[in-house]
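Engineer: Line order of the protein sequences matches chains A and B.
The opening position of the first sequence corresponds to residue 17 in my numbering, with each subsequent residue numbered one higher.
The opening position of the second sequence corresponds to residue 374 in my numbering, with each subsequent residue numbered one higher.
For each residue, glycine too, the CB sits at the ideal point set by N, CA and C.
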Amino acid sequence: MRVLLFAGLAEALGRPELDLPDHDAPATVGALESRLREAHAALAGRPFRVAVNHRYALAADALAPGDEIALIPPVSGG
Amino acid sequence: MIAVQSQPIDVARVLAAVEGPGEGGVVLFLGRVRDEARGRRVRQLDYDAYEGMAQSELAELERVALAEHGAARVALVHRTGRLVVGELAVAIAVAAPHRAQAFDACRWLIDALKQRVPIWKKEWYADGSEWVSDRP
């Protein structure tokens with residue numbers, strides 16, 4: 017499972033995406049966020065939302081193989 | 374017209390995209406790079422975008438502007454990459470039968486864009502740089 021990163025999050029983690037092993041992929045968006053926050057200290061204190069297939073997702077939303085997943089820090093366009 | 378692009382914004386094209394015979398009011402909003410932010414002098418900006426999702430979010434904003442804010446035609450263009458002071462970062466044009474809907478829809482669009490479209494800016498100062506979303 018690939019997780020895309022942008023802006024300050026990509027810089028803080030020093031890479032544009034994270035990889036999670038498929039055999040142990042989290043089942044929901046909430047589980048994914050907990051997993052990532054445990055594994056990456058650089059996420060501490062950094063808010064983000066999770067997008068699945070280009071839409072903002074909720075913690076209870078299920079994840080499926082092949083989903084395009086991204087962490088969305090607070091946006092600042094315009 | 375929806376675009377997230379690295380090329381400069383062509384305002385004439387943005388306006389042409391909302392032309393129509395039934396729309397008497399056209400409102401154009403242009404967002405330009407300023408030389409100051411929160412008391413610091415800004416030299417340039419870098420815009421990063423999650424392009425695929427930004428396109429879908431802009432299309433959703435267009436849909437809502439047409440369905441709920443009285444807009445008849447909408448154009449939304451956001452720039453990415455490095456921009457210097459004075460360059461256009463965003464252009465929004467709205468055409469509606471009358472000016473009230475055009476003003477209302479345009480105002481709603483720029484506010485909604487700033488709240489939810491996945492685009493980020495990094496400000497460059499004389500002594501460093503910062504992603505704006507990193508601010509508490």
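With a threshold of 7 Å (Cβ to nearest heavy atom), would glutamate 435 (chain B) be considered close to the ligand MN?
Structural biologist: The ligand MN is not part of the structure shown, which contains no ligands of any sort.
Engineer: Any chance you could list the beta strand (DSSP E) runs of at least 3 consecutive residues sitting entirely within the segment 395-454 of chain B, in chain order?
Structural biologist: DSSP runs (the beta strand (DSSP E)) wholly in the segment 395-454 of chain B: 398-405, 417-422 and 446-452.
Engineer: Here's the rule: buried if 16 or more other CB atoms are within 10 angstroms of the residue's CB, otherwise exposed. What is leucine 456 (chain B)?
Structural biologist: Your numbering for residue 456 (chain B) matches position 83 in the second sequence. Leucine 456 (chain B) comes out buried.
Engineer: What's the call for arginine 411 (chain B), buried or exposed, on a 16-neighbour Cβ count within 10 Å?
Structural biologist: Taking the first residue of the second sequence as position 1, residue 411 (chain B) is located at position 38. So arginine 411 (chain B) ends up on the exposed side.
Engineer: Rounded C-beta distance between alanine 468 (chain B) and arginine 446 (chain B)? I'm assuming under 8 Å.
Structural biologist: The residue you call residue 468 (chain B) lines up with position 95 of the second sequence. The residue you call residue 446 (chain B) lines up with position 73 of the second sequence. About 4 Å; that satisfies the 8 Å criterion.
Engineer: Going along chain A, which residues have a C-beta under 8 Å from alanine 448 (chain B)?
Structural biologist: Against the second sequence, residue 448 (chain B) aligns to sequence position 75. Going along chain A, no residue has its Cβ under 8 Å from alanine 448 (chain B), so there is no contact; the nearest lies around 15 Å.
Engineer: Excluding the 5 residues flanking alanine 427 (chain B) on each side, which residues of the same chain have their C-beta closer than 8 Å to its C-beta?
Structural biologist: Position 54 of the second sequence, counted from the first residue, corresponds to residue 427 (chain B). Hits under 8 Å: Val377, His451, Val490, Pro491 and Ile492.
Engineer: Pick out whichever of A:Ala78, A:Arg65, A:Ala80 and A:Pro81 has its Cα sitting closest to the Cα of valine 91 (chain A).
Structural biologist: As a first step, residue 91 (chain A) must be located in the first sequence, where it is residue number 75. When only C-alpha atoms are compared, the closest one is A:Arg65.
Engineer: Are alanine 55 (chain A) and leucine 79 (chain A) closer than 8 Å when you measure CB to CB?
Structural biologist: Within the first sequence, numbered from 1, the residue matching residue 55 (chain A) stands at position 39. Within the first sequence, numbered from 1, the residue matching residue 79 (chain A) stands at position 63. No, the Cβ-Cβ distance between alanine 55 (chain A) and leucine 79 (chain A) is not below 8 Å.
Engineer: Do you know whose CA, among A:Ala57, A:Asn69 and A:Pro81, lies nearest glycine 30 (chain A)'s CA?
Structural biologist: For the purposes of this step, residue 30 (chain A) is taken as residue 14 along the first sequence, with counting starting at 1. Taking only the C-alpha atoms, the option nearest glycine 30 (chain A) is A:Ala57.
Engineer: Using beta carbons (cut-off 8 Å, strictly below), is aspartate 408 (chain B) in contact with chain A?
Structural biologist: Residue mapping note: residue 408 (chain B) aligns to position 35 of the second sequence, counting from 1. Chain A, which has no Cβ nearer than 8 Å to the Cβ of aspartate 408 (chain B), makes this no.
Engineer: Hey, does leucine 354 (chain B) have any beta-carbon neighbour from chain A nearer than 8 Å?
Structural biologist: Within the shown structure, residues of chain B are numbered from 374 to 509, placing residue 354 (chain B) beyond reach of any answer.
Engineer: Hey, does alanine 86 (chain A) have any beta-carbon neighbour from chain B nearer than 8 Å?
Structural biologist: For the purposes of this step, residue 86 (chain A) is identified with residue 70 of the first sequence, where counting begins at 1. Taking Cβ atoms only, chain B reaches closer than 8 Å to alanine 86 (chain A), which makes this a yes.
Engineer: Less than 6 Å between C-beta atoms, sequence neighbours within five positions excluded: which residues of the same chain meet that for glycine 46 (chain A)?
Structural biologist: As a position in the first sequence, residue 46 (chain A) is number 30, starting the count at 1. Within the same chain, glycine 46 (chain A) has close Cβ partners Ala75.
Engineer: Between the Cα of leucine 439 (chain B) and the Cα atoms of B:Asp383, B:Glu460, B:Ala475 and B:Lys487, which residue gives the shortest distance?
Structural biologist: Numbered from its first residue, the second sequence carries residue 439 (chain B) at position 66. Checking every option, the nearest Cα to that of leucine 439 (chain B) belongs to B:Ala475.
Engineer: From tyrosine 420 (chain B) to leucine 401 (chain B), what does the alpha carbon distance come to, in whole angstroms?
Structural biologist: On the second sequence, residue 420 (chain B) is found 47 positions in, with the first residue counted as 1. On the second sequence, residue 401 (chain B) is found 28 positions in, with the first residue counted as 1. Between tyrosine 420 (chain B) and leucine 401 (chain B), the C-alpha separation is close to 21 Å.
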